[in-house]
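Those sequence lines, one after another, are chains A and B. Take the first sequence: its position 214, counted from the start at 1, is 214 in the working numbering, and no numbers get skipped. Take the second sequence: its position 27, counted from the start at 1, is 329 in the working numbering, and no numbers get skipped. Here the structure comes first, spelled out in structure tokens, and everything after it is commentary.
Protein chains: 2
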Amino acid sequence: MSGILVTGARGFLGGAVLEILAARGAEVHAVSSAPHPEAPGSVRWHQADLLVPGAARALVARIRPEALLHLAWCTEPPGYWSSPLNYPWVEASAGLVREFVASGGRRVLGVGSCAEYDWRYGYCSEELTPLAPGTTYGVCKDAFRRIMERMCADAGVPAAWARLFHLYGPGERPVRLVPAVVLAGLRGEAPRLAEPGAVRDFLHVRDAADALVSLLQSGVTGAVNVGSGIPVSVTRVAQTILDLMGSHLVLDAAPPQAPPGSTPLLVADVRRLTSGAGWRPRIDLHAGLGECIDWWRAREAS
Amino acid sequence: MSGILVTGARGFLGGAVLEILAARGAEVHAVSSAPHPEAPGSVRWHQADLLVPGAARALVARIRPEALLHLAWCTEPPGYWSSPLNYPWVEASAGLVREFVASGGRRVLGVGSCAEYDWRYGYCSEELTPLAPGTTYGVCKDAFRRIMERMCADAGVPAAWARLFHLYGPGERPVRLVPAVVLAGLRGEAPRLAEPGAVRDFLHVRDAADALVSLLQSGVTGAVNVGSGIPVSVTRVAQTILDLMGSHLVLDAAPPQAPPGSTPLLVADVRRLTSGAGWRPRIDLHAGLGECIDWWRAREAS
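Dropping the structure here:
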């Protein structure tokens, strides 16, 4: 019994996690429902559709992993917030953890999101902020966490739960904020921002992956926010991208009146992550956005 | 019965309030325990020490004001957080409101602060965030609000309560953040920041005064945050000041690890203020800090 089973390994975050684990020479078993891609170093690929009954059991029986990092879920924006696929992912995820624990697994890291919190509170603390998911995605992630934590507690397996905030980085889907602004900039157009004055918590995908690996290898249990902890407005992110691209466009800096049902601020309290897992973000927003611009420029040019 | 009674009229915020009311030609009765200073336009000065028994009754009987904006309190930093003077200010303030209401007053605006909130929540909403003042000042302000609101409700007088966040502006006391950084910059020294990574809500004193006047003249009742709603780190404020002063000093932008008992973020949800009183901040941080630098340069040069 050895190695780390990583599900959702072909995803935006999964790819960054594999790079870090491979660089550390960890024994990694990467799972994806798609055929095997190129794998860095010590990564072994397994093709499995976890939504198919019996798939998780067969996978775990074959690998007998020591640790589980479960990233797989339905994550296609924007539909995933309300997708009915969220429900089978609760069942599949609970089944995977059950098989993992039954086979003698010793460490679980599940992955949720800020969507589990009551967003009216804005600043999210694991110990303090009420949970009140407003979407199917949030409800299902929260329900899976409750099941996972109880299962693992019953079996004496330490389990942690990462709540991701707003990730960005090269390879992100084009409809999301950073690519949308970069692509508008490349076309010489003004970006259209849905919530310009909104303040969010942006974290580079490699920093997030590093946080997950640090958490997995720590003794931390329970929910842990994974974010930068640094509040930045959507307008500021967009303006920084435009400035870095050499655009002369100046966005209206005045925050528009936030409507009553809006979420003016959504930021992570990251003290559990920094103190418990000893993690620090390494990529500042300027450098990270610059990397995204270069990535999209290269892609559009090819 | 007419006019607005403004207490604490010689204070940092009081001065800015008087300028705005005078510019609008309002009948203003300004109260201070110190002798009468120069008064702008339509302002009439009254010398009274509200902590002296009977002073509030005599003042109200003489003026018979229609509205009350009660700014006076003990506010000398840093001692005011724990000063025993906070207690007599509760009694004096409650007595003033009682006399005001009994004489037929029609509108009350009391002034409290973010110190009333449970700071662990970080993002402060009037309707949602629990109150849990951690200082004598906060406890006393909160207690006075409760008394004031009940008294006014019993008498059918609409009362509002402004909760101020971090104000700055020309004339601020030198121990506070902005003057301390400006004065360090003038001496060519690096500023010493007690909480460099802390994120706060900074509002120029004239914007705050404008918010109070807008609130007083609106029909809004209950607690209303008075802040910018814009999160900014202490390091960023300091760096902006140094940059504006032409300093080449670069402060460490990496937020240090926030200790468990710290307050990493303290920001106002300002939707009640902007939607209820129709107020908008007018002075952005660059312009406001530039004004402070000019003010201190002129003062140090004289």
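Glycine included, every Cβ here is placed at the ideal spot set by N, Cα and C.
Under the three-state reduction of DSSP, H331 (chain B) is assigned to strand.
Take A462 (chain B), set aside five residues on each side of it, and the residues of its chain with a beta-carbon closer than 7 Å to its own are L411, L517, V522, T523, G524, V526, in chain order.
Short of 6 Å from the beta carbon of H204 (chain A), and not among the five residues preceding or following it, lie these beta carbons of its own chain, in chain order: G169, I283, G288. Proximity of S427 (chain B) to chain A, defined by a Cβ-Cβ separation below 8 Å, is satisfied.
Taking a cut-off of 8 Å on C-beta distances, the segment 78–97 of chain A touches the segment 139–148 of chain A, as three or more cross pairs fall below it. The beta carbons of P493 (chain B) and V483 (chain B) sit about 4 Å from each other, so the pair counts as a contact at 8 Å.
Here the C-alpha atom of R200 (chain A) lies approximately 8 Å from the C-alpha atom of F165 (chain A). For Q217 (chain A), the secondary structure class from DSSP, reduced to helix, strand or coil, is coil.
In this structure, I306 (chain B) lies near P367 (chain B), with their beta-carbon atoms less than 8 Å apart. Distance check between A496 (chain B) and each of B:R574, B:E474, B:E451, B:T565 places B:T565 closest, using alpha-carbon atoms only. With 16 or more other CB atoms across the displayed protein chains lying within 10 angstroms of its CB, G529 (chain B) is buried.
Cβ contact annotation for S33 (chain A) (same chain, cutoff 6 Å, sequence separation greater than five): D49, in chain order.
If you draw a straight line from the Cα of D420 (chain B) to the Cα of Y121 (chain A), it comes to about 12 Å.
The C-beta of D269 (chain A) comes closer than 8 Å to at least one C-beta of chain B. In chain order, D207, S228 place their CB closer than 6 Å to the CB of P281 (chain A), counting only its own chain and leaving out the 5 sequence neighbours on each side. In terms of beta-carbon proximity, Y117 (chain A) stays away from the interface with chain B, with every pair separated by 8 Å or more. What V199 (chain A) touches in chain B, judged by beta-carbon distance under 7 Å, is P533, going in chain order.
Non-local C-beta neighbours of S82 (chain A) in its own chain, meaning closer than 8 Å and more than five positions away in sequence, comprise T135, T136, Y137, ordered along the chain. Taken through DSSP and simplified to helix, strand or coil, R206 (chain A) comes out as helix. Against chain B, a Cβ distance below 9 Å from A208 (chain A) picks out nothing, because the smallest value is about 17 Å. In the assembly as shown, S535 (chain B) is a buried residue. Its beta-carbon has 16 or more other beta-carbons within 10 Å. A23 (chain A) places its beta carbon 8 Å or farther from that of A9 (chain A). About 5 Å separates the beta carbon of T235 (chain A) from that of P196 (chain A), a gap short enough to meet the 8 Å contact definition. V157 (chain A) is positioned such that its CB atom lies closer than 8 Å to that of R107 (chain A).
Per DSSP, S228 (chain A) has no beta-bridge partner at all.
Note that the C-beta distance between G487 (chain B) and L544 (chain B) is below 8 Å. For A464 (chain B), the enclosing beta strand (DSSP E) stretches over residues 461–466. Membership of A94 (chain A) in the alpha helix (DSSP H) is indicated by the continuous run 86–102. Its chain contains D118 as the residues whose beta carbon lies nearer than 6 Å to that of A132 (chain A), once the 5 sequence neighbours on both sides are disregarded; these appear in chain order. Around the beta carbon of H550 (chain B), fewer than 16 other beta carbons lie within 10 angstroms, which makes this residue exposed. Membership of T537 (chain B) in any beta strand (DSSP E) is not indicated; the residue belongs instead to the alpha helix (DSSP H) covering 536–546. From the beta-carbon of R422 (chain B), the residues of chain A found nearer than 8 Å are S125, L128.
The three-state reading of DSSP puts I306 (chain B) in strand, counting E and B together. Excluding the 5 residues flanking it on each side, V60 (chain A) has same chain C-beta neighbours closer than 7 Å at E99, F100, S103, in chain order. Residue A:L265 holds the alpha-carbon nearest to the alpha-carbon of S427 (chain B) among A:L265, A:T274, A:A301.
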